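Chemist: Residue numbers (UniProt numbering): 1 to 90. Note that the Cβ used here is the ideal one computed from N, Cα and C, for glycine as well. Model, not experiment: these values are computed from the prediction.
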């Protein structure tokens with residue numbers, strides 16, 4: 001199954017790859033914030049190319065860009081996952 005990509009802006013930014021809105025909420029609560037009752041209207045579907053462009057421009061813990069081969073490998077891994085979230089939450 002092809003994954004879909006979603007952005008959440010508030011209360012904390014996240015870019016998530018998942019199969020459904022329910023899965024997005026689960027991943028968001030696990031990695032970003034355990035806020036109860038995040039609404040479907042707070043979750044925005046985004047095109048794959050938009051998600052890829054955001055992801056390949058991300059940086060590691062040291063502020064360095066990920067090597068493109070690693071970024072592409074991570075992005076195209078078939079499992080649902082969080083792709084981006086605020087560094088201060090790490």
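#1: Do residue 5 and residue 48 come within 8 Å of each other at the CB atom, strictly closer than that value?
#2: Applying the criterion that 16 or more other CB atoms from any shown protein chain within 10 Å of the CB defines a buried residue, is residue 156 buried or exposed?
#3: Under the rule that 16 or more other beta-carbon atoms within 10 Å means buried, what is residue 9, buried or exposed?
#4: Return the bridge partner residues of residue 15 from the DSSP annotation.
#5: Report all residues from its chain with a CB closer than 7 Å to the CB of residue 28; omit the five preceding and five following residues, and keep chain order.
Modeler: Working from what's here:
#1: yes
#2: Lying outside 1 to 90, the shown extent of the chain, residue 156 is not represented and no answer is given.
#3: exposed
#4: 7, 84
#5: 8, 14, 16, 38
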